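The sequence shown: position 31 = 583 (our numbering), numbered continuously.
Heads up, the beta-carbon is just placed ideally off N, CA and C, and yes, glycines get one too.
Bear in mind that the values here come from a model prediction, so they are computed numbers and not experimental data.
These notes concern the structure reproduced below.
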Amino acid sequence: MIQICDKDHRDDPMFIVLPISQAHGDGRHKCAGCAYDQGLIDGTQGLEPNFRPDDLNWSQAGVVRHKSALAGYMMGYVDGLRTIV
Ligand SMILES: [Zn+2]
């Protein structure tokens, strides 16, 4: 179920580096932390990158607010790949 994200990763400083983005294709208003988790799972499983913003929680607070969820996904994806190479 898609809801407003209330996970601790909202305030994780590792997401400070992510670019601000309001572009719809970048997952506008979606949680970049949840996007990271999605990418991490895909990367760890060796899947092709497949950003799915419709599956992510909404973001309204914390470090991840207005951050590019797509960039969060790719950060997680690459971290996931590193676990299997
Ligand atoms: Zn989240």
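- Message: Are the CB atoms of Ala-621 and Pro-605 within a distance shorter than 8 Å?
- Response: The Cβ atoms of Pro-605 and Ala-621 lie closer than 8 Å to each other.
- Give a single yes or no on whether Gly-561 has its beta carbon closer than 7 Å to a heavy atom of ligand 1. A small fix is needed here, since residue 561 is His in this sequence, not Gly. Because some heavy atom of ligand 1 lies under 7 Å away, the Cβ of His-561 counts as near it: yes.
- Task: Say whether the region 579-594 touches the region 609-618, bearing in mind that this needs 3 or more beta-carbon pairs closer than 8 Å, one atom from each stretch.
- Result: yes
- Go to Met-626, then tell me how far its alpha helix (DSSP H) extends in each direction, as first and last residue. 621-634
- Heavy atom of ligand 1 within 7 Å of Gly-585 beta-carbon: yes
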